[in-house]
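First the structure, in the form of structure tokens, and then the observations on it.
Numbering (my numbering), first residue to last: 468 to 556.
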């Protein structure tokens with residue numbers, strides 16, 4: 468069974484530390500919410516800090532963003548984490 472941790476609103480530096488701690492605690496992934504900070508940057512920081520974690524946005528706010536920018540950003544995050552990214556809109 469895979470269990471993810473949901474979080475949001477953390478600084479990028481603390482997000483990296485949180486990603487490492489999440490993996491060390493045995494969780495399989497992180498779901499990042501947009502609660503005061505962008506979920507995309509938190510996913511990217513987490514991917515670089517702990518490349519084996521599954522990552523997802525839950526739920527990224529889509530309406531103020533261009534669909535092209537959203538798709539491009541999701542593609543780059545998926546590339547950074549070896550395809551272990553799920554885009555939740």
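Where is the CB? At the ideal position from N, CA and C, for every residue including glycine.
Check, Outcome
"Can you tell me whether DSSP reads residue 499 as helix, strand or coil?", "strand"
"With residue 508 as the anchor, note down where its beta strand (DSSP E) starts and where it stops.", "No beta strand (DSSP E) contains residue 508, which is instead part of the alpha helix (DSSP H) from 506 to 516."
"Beta strand (DSSP E) containing residue 522: first to last residue?", "521 to 524"
"Is it the case that the Cβ atoms of residue 499 and residue 506 are separated by a distance below 8 Å?", "yes"
"Residue 530: buried (16+ other C-beta within 10 angstroms of its C-beta) or exposed?", "exposed"
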